[in-house]
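Everything on this sheet refers to the single structure shown next.
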Amino acid sequence: MIHFLVHDPEDNVGVAVVDLEPGIDCTGRILSDNSSLKAKSEEAIPLGHKLALKDFAVGDVVTKYACPIGTIVQPVKAGHHVHTHNLKTTRWA
Numbered sequence: 883m884i885h886f887l888v889h890d891p892e893d894n895v896g897v898a899v900v901d902l903e904p905g906i907d908c909t910g911r912i913l914s915d916n917s918s919l920k921a922k923s924e925e926a927i928p929l930g931h932k933l934a935l936k937d938f939a940v941g942d943v944v945t946k947y948a949c950p951i952g953t954i955v956q957p958v959k960a961g962h963h964v965h966t967h968n969l970k971t972t973r974w975a
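Last residue of the sequence shown: 975 (our numbering), numbering continuous.
Take a look at the structure:
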């Protein structure tokens, strides 16, 4: 079962394609080359939201579609939810 998608190998977040519960060993698919990767969800992540694939410190850049989409404003551990509570988007900066 695929739990999350990664658009490009340079991305450091995945997008949940199902609701993720804490403690799930997840399988992801990298769309650009159809390879797979593993991650563990450490908290609930709703369908369509981002899963951290690495630990982030304040100021780190989040990459999706091989493009920077925002900056971390609170530390985030791998496997945790990345969203508006810990990410400042570059879209309207």
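Cβ atoms here follow ideal geometry from the backbone N, Cα and C, with glycine treated the same way. Quick caveat: nothing in here was measured; it's all calculated off a predicted structure.
I'd like to confirm the pairing. Which residues does DSSP put opposite P950 in its beta bridges? Position 68 of the sequence shown holds residue 950. P950 pairs with T945.
Measure the Cβ-Cβ separation of I912 and P928 and say whether it is below 8 angstroms. Within the sequence shown, numbered from 1, the residue matching residue 912 stands at position 30. Within the sequence shown, numbered from 1, the residue matching residue 928 stands at position 46. Not a contact, by the Cβ cut-off of 8 angstroms.
Could you say which of V943, D893, V899 lies nearest to A926 if we only look at CA atoms? The residue you call residue 926 lines up with position 44 of the sequence shown. Of V943, D893, V899, the residue nearest in Cα terms is V899.
Residue from C908, M883, W974 with nearest C-alpha to A836: This structure cannot speak to residue 836, because the chain is shown only from 883 to 975.
Rounded to whole angstroms, what is the Cα-Cα separation between G910 and H885? Counted from its first residue, the sequence shown places residue 910 at position 28. Counted from its first residue, the sequence shown places residue 885 at position 3. Roughly 6 angstroms separates the two Cα atoms.
According to DSSP, is I906 helix, strand or coil? As a working mapping, residue 906 is identified with position 24 in the sequence shown. Coil.
By the 10 Å Cβ neighbour count, where 16 or more other Cβ atoms means buried, how is V964 classified, buried or exposed? Position 82 of the sequence shown, counting from 1, holds the residue named residue 964. Flag for V964 reads buried.
So, with DSSP's three-state summary, where would you put K991? Given a span of 883 to 975 for the chain in the structure shown, any question on residue 991 remains unanswerable.
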